[in-house]
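**Q**
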Amino acid sequence: MNGNFIIFLILIFLSLLESTNLNASVKKLMWLASSALVIFVLGLGYKVGLDWVSYQDNYYYNNDSEGFEPLYNLLSRLFASLNINFWFFAIFIKSVNVILLLSIFKRYTKLPILTVTIFLALTYPYINDVLRQIVASIILLSSFLLFKKMPSILSIILSTGFHTSSLMLLLGKFNVFKLSSKKFTILIILSSIGFGSLLMGLLSSGLFTTLNIMAISKLQMYSEDSNIANIYSSIVRLSIYALALYFQTRVSNVKSGINDWIYRATLLMLIIELLTMSIPIISQRVRLYLLPFVCIALTNGIATLPKGTKLILIGYVLSYCILFLYLFTHGVFGAFYQIDMNILIQLLRGFPPNNWESAAYSFWKYR
16 MNGNFIIFLI
26 LIFLSLLEST
36 NLNASVKKLM
46 WLASSALVIF
56 VLGLGYKVGL
66 DWVSYQDNYY
76 YNNDSEGFEP
86 LYNLLSRLFA
96 SLNINFWFFA
106 IFIKSVNVIL
116 LLSIFKRYTK
126 LPILTVTIFL
136 ALTYPYINDV
146 LRQIVASIIL
156 LSSFLLFKKM
166 PSILSIILST
176 GFHTSSLMLL
186 LGKFNVFKLS
196 SKKFTILIIL
206 SSIGFGSLLM
216 GLLSSGLFTT
226 LNIMAISKLQ
236 MYSEDSNIAN
246 IYSSIVRLSI
256 YALALYFQTR
266 VSNVKSGIND
276 WIYRATLLML
286 IIELLTMSIP
296 IISQRVRLYL
306 LPFVCIALTN
316 GIATLPKGTK
326 LILIGYVLSY
336 CILFLYLFTH
346 GVFGAFYQID
356 MNILIQLLRG
366 FPPNNWESAA
376 YSFWKYR
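Under the working numbering, the first residue of the sequence shown is numbered 16, with each subsequent residue one higher.
Put into structure tokens, the structure is as follows:
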């Protein structure tokens, strides 16, 4: 069994214990243990995943064949000019991001272990080696921690210098994303379902390929990876997002900057997921920025429920997380996400020879 999946099961166990009436000292120790496991898995990954070879080439050889954003290139050139090893650079970025996430979860959730466990499960395939997005996430999370409200337009624009996907957060600035009447919120969601279905139909028809519209033809290419199995996963995931949104509408102090952003982020995540069911790569890109706040809304809502209902919902969400992560870590990509792909383990072993780099290059060459 994949070692990282075993760590996830440990987090599941700690999440369930957290929801019981343990004393504060025990829960604090459990939180410290959980934080250490998450830092180990997400922060200290070494040659884990597939994208890292492109980032390494960019770092050492100024190879920008991937068209990386200018501020990321500037940052990597700066570190490289100081003769800093690429993996120090990468692990530093990933660890800072994880520490910021843990700080937010600890400060703003009633069930922080459950929150970080759900977040890890739903982002694990996308958060390990996308360094540009992780830097963009650091900017956005730091802005939230400093100002306790939605990231400003300036911080969003700054983050796009590292990854353009963060530009989508500007949508959250529109007034329609303020807490409105339930009827208006339902109308927005139904409209998103309609537009998402229309886009799915247009992409599947091949119309855009016929018209040779370059930008949309690229979306068609992304959509080709979708299949019927993803629809079932999407339905469950959407139900989790919708539940989080429902809980957030019940928060009494919704006018605070914190609760306002949690609501906006949750609604925006739900809408983007609905609009891009046929192009899942888009919603995957923005999960790093929005999903932390969806998880906060979800777990804070669960924490207020009666014991029986609480356990049922925790079981529902964690069952999906277990299945989602199991299928990923034991599927085609599982070989690229092993527990020994970790800087601490490799340091203790003396960095023995491996084929991880050649395997990653071969994947991109023959995919």
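Backbone N, C-alpha and C define an ideal beta-carbon position, used for all residues, glycine too.
(1) Specify the secondary structure class of N143 as computed by DSSP and reduced to three states.
(2) Which residues in the same chain as W67 place their Cβ atom closer than 6 Å to its Cβ, once the five residues preceding and following it in sequence are excluded?
(3) Please check the pair Y74 and A95, which I expect to be a contact at CB under 8 Å, by giving their CB distance rounded to whole angstroms.
(4) What are the residues that DSSP puts in a beta bridge with G60?
(5) Once DSSP output is grouped into helix, strand and coil, what is the label at G85?
(6) For G349, which of helix, strand or coil comes out of DSSP?
(7) Could you check where the alpha helix (DSSP H) with L185 kicks off and where it finishes?
(8) Assess, as a yes-or-no matter, whether the stretch 131 to 145 is touched by the stretch 329 to 340 under the definition of 3 or more beta carbon pairs within less than 8 Å.
(9) So, at 6 Å on beta carbons, what are the nonlocal neighbours of Y335 in its own chain, with the 5 sequence-adjacent residues on each side left out?
(10) Quick check: the stretch 124 to 133 against the stretch 318 to 334, are there 3 or more CB pairs under 8 Å?
(11) Any idea what DSSP makes of G176, helix, strand or coil?
(12) Would you mind sorting I273 into buried or exposed? The rule is 16 or more other CB atoms within 10 Å of its CB.
(13) Look at the alpha carbon of I327 and the alpha carbon of Q263, and state the distance between them as a whole number of angstroms.
(14) Could you check the C-alpha separation between L47 and A39 for me, to the nearest Å?
(15) Tell me the rounded alpha-carbon separation between V191 and N88.
(16) Any idea what DSSP makes of S34, helix, strand or coil?
(17) Which residues in the same chain have their Cβ closer than 8 Å to the Cβ of L59, if we skip the five residues on either side of it in sequence?
(18) With burial defined as no fewer than 16 other Cβ atoms inside 10 Å of the residue's Cβ, what is the status of Y278: buried or exposed?
(19) Going straight from the alpha carbon of D275 to that of F308, what length do you get?
(20) Is DSSP giving I154 helix, strand or coil here?
**A** Judging by the given coordinates:
(1) The residue labelled residue 143 in the question sits at position 128 within the sequence shown. In the structure shown, N143 sits in coil (DSSP, three-state: anything other than H, G, I, E or B).
(2) Taking the first residue of the sequence shown as 1, we reach residue 67 at position 52. Once the five neighbours on either side are set aside, the close Cβ partners of W67 are D144.
(3) The sequence position of residue 74 within the sequence shown is 59, counting from 1. The sequence position of residue 95 within the sequence shown is 80, counting from 1. The Cβ separation is near 5 Å, so the contact holds.
(4) Taking the sequence shown and counting its residues from 1, one reaches residue 60 at position 45. According to DSSP, which records beta bridges pairwise, G60 is partnered with N357.
(5) Taking the sequence shown and counting its residues from 1, the one referred to as residue 85 is at position 70. The amino acid occupying residue 85 in the given sequence is Pro; Gly does not appear at that position. Helix, per DSSP.
(6) The residue you call residue 349 lines up with position 334 of the sequence shown. Helix at G349.
(7) As a working note, residue 185 is residue 170 in the sequence shown. L185: not part of any alpha helix (DSSP H); DSSP gives it neither H nor E.
(8) By the C-beta criterion, the stretch 329 to 340 is judged to be in contact with the stretch 131 to 145, since at least 3 inter-stretch pairs fall below 8 Å.
(9) Here residue 335 refers to the residue found at position 320 of the sequence shown. Cβ neighbours of Y335 beyond the five flanking positions: V251.
(10) Yes, the stretch 124 to 133 is in contact with the stretch 318 to 334.
(11) Numbered from its first residue, the sequence shown carries residue 176 at position 161. In the structure shown, the three-state DSSP call for G176 is coil.
(12) Numbered from its first residue, the sequence shown carries residue 273 at position 258. Under this definition I273 is a buried residue.
(13) Here residue 327 refers to the residue found at position 312 when the sequence shown is read from its first residue. Here residue 263 refers to the residue found at position 248 when the sequence shown is read from its first residue. Going by the C-alpha atoms only, they are around 19 Å apart.
(14) What you label residue 47 is simply residue 32 of the sequence shown in a count that begins at 1. What you label residue 39 is simply residue 24 of the sequence shown in a count that begins at 1. CA-to-CA, the gap between L47 and A39 works out to about 12 Å.
(15) As a first step, residue 191 must be located in the sequence shown, where it is residue number 176. As a first step, residue 88 must be located in the sequence shown, where it is residue number 73. Straight-line Cα distance between these residues: approximately 35 Å.
(16) Position 19 of the sequence shown, counting from 1, holds the residue named residue 34. It is coil, neither helix nor strand.
(17) As a position in the sequence shown, residue 59 is number 44, starting the count at 1. Excluding sequence neighbours, L59 sits near I106, K109, S110, N357, I358, L359.
(18) For the purposes of this step, residue 278 is taken as the residue at position 263 of the sequence shown. Classified as buried, Y278 has 16 or more neighbouring CB atoms from the shown chains inside 10 Å of its CB.
(19) On the sequence shown, position 260 is the one that residue 275 refers to. On the sequence shown, position 293 is the one that residue 308 refers to. Distance between the alpha carbons of D275 and F308: 11 Å.
(20) The count along the sequence shown starts at 1 and reaches residue 154 at position 139. It is helical.
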